[in-house]
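*Asks:* Pasting in a structure now, in structure tokens, and then I'll have a few things to ask.
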Amino acid sequence: MTSRNNLLKSSIVLSLFVLAALAGCSGQSGPPAGLSKTGAPPGVEARIFVGNTNGKVSVIEQGSDGNPIAETIDLFSSVGDMASSTRNHIFVNMGSTNQTAALDPVGATAVFKKFIAVGQRPVHIYRESPDGTRIWVLNDADPSTGIDTVTSACNTAQAGSVSVIQNHDEGGDETGNAGEVLKTICIGKGHHKAAFSYPTSAAPTVPLRAFVSSIKEGTISVIDNDPASPTYLTVIGTIDLCDSAGEAAQGKPACDSNPATSNNAGPHGMFFSPVSGKLYNNNESYGTENVIDPATLAIEATVNIGPASATHITPDARFIVVRGTDTQSDPARITGNLAVINVADNSVTITNLPDVSPGDLAFTSDGAKLYVASAASGNTAQKASQKSNVVQVFDTTALPTLTLIKEIGIGSTTAGRVIGLQEHDGTAEHLFATNRTDGTVSVIDAKTDTAINTVQVGGTPTSLLVFSMEGDLSH
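For reference, each letter of the sequence shown is one residue, going -9 to 465 in the numbering used here.
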């Protein structure tokens, strides 16, 4: 590990010497409000971290000088999902090495801090709400079995896992502790998604809990997330998502009374609404959304939404938006859809997206606009007819109605893509979108909704995180 760290530091120093020679010198500004320590060059409003399959993280600096690649951090194996903590560290999943890398984004340059050993094959990663200092790493484990074979307890239990990292010190402290794993918890098997419940002014009795779905089993593991509880970070329940009608539609047997019996619900996205105090889980295979009480763990309602691949929530938490793509109705074309669920009454409004497969969503923080990035999905004929190189912009001021106001041309992708917004003083300024096929990131002016730049990142970009130098405004 020491030789790897030294090599990493040497590569960063070398890139900084090259950048210094090209950029010249400039004065130093004071730290902006919201960050206790920052040494970023003047005019840098945000750093955009782009993860590539070649093991490198490209760091783009957004500011007065455009969008230069400020540095490239080599993590030596394929880079996965990212999340930031409220203590201004960024955590990056490294699926092939069973690690999460911690980066410090707020100094004169963004730097690598340490590797943290987690469970087997970490894929998705979340910042816990509302605490913000803990990071949850969802380990998809063995691709065929879903069993975490590197965590002894989970291998013995034939289970999957989630690792919880506690971030301690603030970013900008060279000697600070970026964090360590509090616990790796054994849960259900397969690909995972997560959400967190907590008491709010509208729902003050909601408990502190974490919910992690497991796609192989069709269940949600319920974890006590109250640090004051004697069962903190322990699985305290399992929600069985089996639905006999959904099973019958797939030619499968009806559900039985045993929650340990795997089903085909295909849970693939959750959000907690602080307005309704409920949890919303989409079942990709059933085409449904469950409304779950986080206290009783009861499924209170199930609504039909059609194709459903991921769940999102509006900034005011009054609406759930589920994206999906219909690849079955027409063998030559696909139709994307956005299902908008009103949390007040669980009513559903669906907006169809002809020839567009929605790959990622981003709301402006004022709730006025929604950006929908196209992906590529379906068979060869469907891919040939779909628009996989656009970002669609929707007016969201009259939800549940979505009104398409613009379509922006960007780079190409043969799979999914990730987008992230950069905001300044509460106003959306730029949208960044990965283009896998081109090895680039498109930069869009969010005020005019016009593509203004393309940044070559030198790899195949699969993840992206926008870190605002104003403080905790990462997307």
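Yeah, the Cβ is synthetic: ideal placement off N, Cα and C, and Gly gets one too.
Use the C-beta contact count for Gln446: other C-beta atoms within 10 angstroms, 16 or more gives buried, fewer gives exposed.
*Replies:* The residue labelled residue 446 in the question sits at position 456 within the sequence shown. Exposed, by the Cβ-count rule.
*Asks:* Are Ser263 and Ile229 closer than 8 Å when you measure CB to CB?
*Replies:* Within the sequence shown, the letter at position 273 stands for residue 263. Within the sequence shown, the letter at position 239 stands for residue 229. Contact: no.
*Asks:* How close, in whole Å, do the beta carbons of Asn78 and Pro58 come, if the pair is a contact with beta carbons under 8 Å?
*Replies:* Here residue 78 refers to the residue found at position 88 when the sequence shown is read from its first residue. Here residue 58 refers to the residue found at position 68 when the sequence shown is read from its first residue. Rounded, the Cβ-Cβ distance is 22 Å, inconsistent with contact.
*Asks:* Assuming Gln372 and Ile324 form a contact by the criterion Cβ under 8 Å, report the distance between their Cβ atoms to the nearest whole angstrom.
*Replies:* Translated into the one-based positions of the sequence shown, residue 372 becomes position 382. Translated into the one-based positions of the sequence shown, residue 324 becomes position 334. That pair is a contact at about 5 Å.
*Asks:* Between Val346, Leu93, Arg199 and Ser266, which lies nearest to Ala374 when the distance is taken from Cα to Cα?
*Replies:* Within the sequence shown, numbered from 1, the residue matching residue 374 stands at position 384. Selected option, being the one with the closest Cα: Val346.
*Asks:* Looking at the strands, I want to know which residues DSSP matches up with Val171.
*Replies:* Position 181 of the sequence shown, counting from 1, holds the residue named residue 171. Ile155, per the DSSP bridge assignment.
*Asks:* Which residue from Gly162, His158, Ala131 and Gly166 puts its Cα closest to that of Ala149?
*Replies:* As a working mapping, residue 149 is identified with position 159 in the sequence shown. The shortest C-alpha separation from Ala149 is found at Ala131.
*Asks:* Looking at the strands, I want to know which residues DSSP matches up with His181.
*Replies:* For this step, residue 181 is matched to residue 191 along the sequence shown. The partner list for His181 (beta bridge, DSSP) is empty, contrary to what the question assumes.
*Asks:* Counting only runs of 4+ residues fully inside the region 308 to 379, write out the alpha helix (DSSP H) ranges in chain order.
*Replies:* 370 to 375
*Asks:* With a CB to CB cut of under 6 Å and the five nearest residues on each side skipped, what residues in its chain are close to Ser234?
*Replies:* As a first step, residue 234 must be located in the sequence shown, where it is residue number 244. Cβ within range, chain order: Ala244 and Cys245.
*Asks:* Among Gly169, Arg124, Glu61 and Ser187, whose alpha-carbon lies nearest the alpha-carbon of Ala98?
*Replies:* What you label residue 98 is simply residue 108 of the sequence shown in a count that begins at 1. The candidate whose alpha carbon is nearest that of Ala98 is Glu61.
*Asks:* Would you call the region 271 to 285 in contact with the region 187 to 198, where contact means no fewer than 3 C-beta pairs closer than 8 Å?
*Replies:* yes
*Asks:* Please work out which residues of its chain come closer than 6 Å, Cβ to Cβ, to Ala352, disregarding the five sequence neighbours upstream and downstream, and give them in chain order.
*Replies:* Numbered from its first residue, the sequence shown carries residue 352 at position 362. Leaving aside the five residues that flank Ala352 on each side, the residues in its chain whose CB is nearer than 6 Å to its CB run, in chain order, Tyr361, Ile409 and Leu411.
*Asks:* Going residue by residue through the region 210 to 234, where are the continuous beta strand (DSSP E) segments of at least 3 residues, counting only ones entirely within it?
*Replies:* 225 to 230
*Asks:* Measuring CB to CB, does Val431 end up less than 8 Å from His420?
*Replies:* Sequence index remark: in the sequence shown, residue 431 carries index 441 (1-based). Sequence index remark: in the sequence shown, residue 420 carries index 430 (1-based). The answer is no: Cβ separation not under 8 Å.
*Asks:* Please report how far the alpha carbon of Thr292 lies from the alpha carbon of Val281, in whole angstroms.
*Replies:* Within the sequence shown, numbered from 1, the residue matching residue 292 stands at position 302. Within the sequence shown, numbered from 1, the residue matching residue 281 stands at position 291. If you take the alpha carbons of Thr292 and Val281, they lie about 6 Å apart.
*Asks:* Would you mind working out which of Asp71, Gly259 and Thr251 sits nearest Glu237, comparing C-alpha positions?
*Replies:* Indexing the sequence shown from 1 puts residue 237 at position 247. With distances taken between Cα atoms, Glu237 lies closest to Thr251.
*Asks:* Please classify Ile442 as buried or exposed, where buried requires at least 16 other C-beta atoms within 10 Å of its C-beta.
*Replies:* For the purposes of this step, residue 442 is identified with residue 452 of the sequence shown, where counting begins at 1. It counts as exposed.
*Asks:* Any contact between the region 70 to 90 and the region 155 to 168? By contact I mean 3 or more CB pairs, one from each, below 8 Å.
*Replies:* yes
*Asks:* Return the residue from the list Pro217, Pro249 and Gly357 that minimises the CA-CA distance to Ala388.
*Replies:* For the purposes of this step, residue 388 is identified with residue 398 of the sequence shown, where counting begins at 1. Closest option to Ala388, Cα to Cα, is Gly357.
*Asks:* What separation, rounded to the nearest whole angstrom, lies between the Cα atoms of Val380 and Ser299?
*Replies:* Here residue 380 refers to the residue found at position 390 when the sequence shown is read from its first residue. Here residue 299 refers to the residue found at position 309 when the sequence shown is read from its first residue. Distance between the alpha carbons of Val380 and Ser299: 19 Å.
*Asks:* With Thr301 as the anchor, note down where its beta strand (DSSP E) starts and where it stops.
*Replies:* Residue numbering aside, residue 301 sits at position 311 when the sequence shown is read from its first letter. Element bounds for Thr301: Ala300 to Ile303.
*Asks:* Alpha carbon to alpha carbon, what distance is there between Thr224 and Ser68?
*Replies:* In the sequence shown, counting from the first residue as 1, residue 68 sits at position 78. In the sequence shown, counting from the first residue as 1, residue 224 sits at position 234. Cα to Cα, the separation comes out at about 31 Å.
*Asks:* Would you tell me roughly how many angstroms separate the C-alpha atoms of Lys359 and His182, rounded to the nearest one?
*Replies:* Taking the sequence shown and counting its residues from 1, the one referred to as residue 359 is at position 369. Taking the sequence shown and counting its residues from 1, the one referred to as residue 182 is at position 192. C-alpha separation (whole angstroms): 29 Å.
*Asks:* Among the residues of its own chain, which have a CB less than 6 Å from the CB of Thr87, if the five just before and after it don't count?
*Replies:* For the purposes of this step, residue 87 is identified with residue 97 of the sequence shown, where counting begins at 1. Closer than 6 Å at Cβ, skipping near neighbours: Ser67.
*Asks:* Taking the straight line between their C-alpha atoms, what separation do you get for Asp439 and Pro217?
*Replies:* Position 449 of the sequence shown, counted from the first residue, corresponds to residue 439. Position 227 of the sequence shown, counted from the first residue, corresponds to residue 217. Going from the Cα of Asp439 to the Cα of Pro217 covers about 44 Å.
*Asks:* Between Val3 and the rest of its own chain, which residues show a CB-CB distance below 6 Å, the 5 nearest in sequence each way excluded?
*Replies:* Locating residue 3 in the sequence shown gives position 13, where the first residue counts as 1. Confidence is the limiting factor: at Val3 the pLDDT is only 31, short of 50, which leaves the residue's position unreliable, though a coordinate-based value still follows. Hits under 6 Å: none found.
*Asks:* Excluding the 5 residues flanking Cys176 on each side, which residues of the same chain have their C-beta closer than 8 Å to its C-beta?
*Replies:* Here residue 176 is taken as the residue at index 186 of the sequence shown, counted from 1. Cβ within range, chain order: Asp138, Thr141, Ala143, Cys144, Ala147, Ala149, Gly150, Ser151 and Val225.
*Asks:* Give the range of the beta strand (DSSP E) segment to which Thr278 is assigned.
*Replies:* For the purposes of this step, residue 278 is taken as residue 288 along the sequence shown, with counting starting at 1. That run of the beta strand (DSSP E) goes Thr278 to Ile282.
*Asks:* Which one of Arg313, Thr424 and Leu231 has the shortest CA to CA distance from Val338?
*Replies:* Reading the sequence shown from its first residue, position 348 is the one you call residue 338. Val338 has its Cα closest to that of Arg313, out of Arg313, Thr424 and Leu231.
*Asks:* On a CA-only basis, which of Ile210, Thr221, Ser219 and Asn215 is nearest Gly255? Give me that one, please.
*Replies:* Numbered from its first residue, the sequence shown carries residue 255 at position 265. It should be noted that the sequence gives Ala, not Gly, for residue 255. Looking at the Cα atoms, Ile210 is the closest of the given residues.
*Asks:* Buried or exposed: where does Asn342 fall if 16 or more other Cβ atoms within 10 Å of its Cβ makes it buried?
*Replies:* Residue mapping note: residue 342 aligns to position 352 of the sequence shown, counting from 1. With a threshold of 16 other beta carbon atoms within 10 Å, Asn342 falls short and is exposed.
*Asks:* Given that a residue counts as buried once 16 or more other Cβ atoms are within 10 Å of its Cβ, and exposed if not, what is Thr452?
*Replies:* The residue you call residue 452 lines up with position 462 of the sequence shown. Flag for Thr452 reads buried.
*Asks:* Between Asn42, Arg308 and Gly368, which lies nearest to Ala322 when the distance is taken from Cα to Cα?
*Replies:* In the sequence shown, the residue the question calls residue 322 occupies position 332. Considering only alpha carbons, the answer is Gly368.
*Asks:* Taking its Cβ as the centre, do 16 or more other Cβ atoms sit within 10 Å of Gly416, making it buried, or is it exposed?
*Replies:* The residue you call residue 416 lines up with position 426 of the sequence shown. Of the other Cβ atoms in all chains shown, fewer than 16 fall within 10 Å of the Cβ of Gly416; this residue is therefore exposed.
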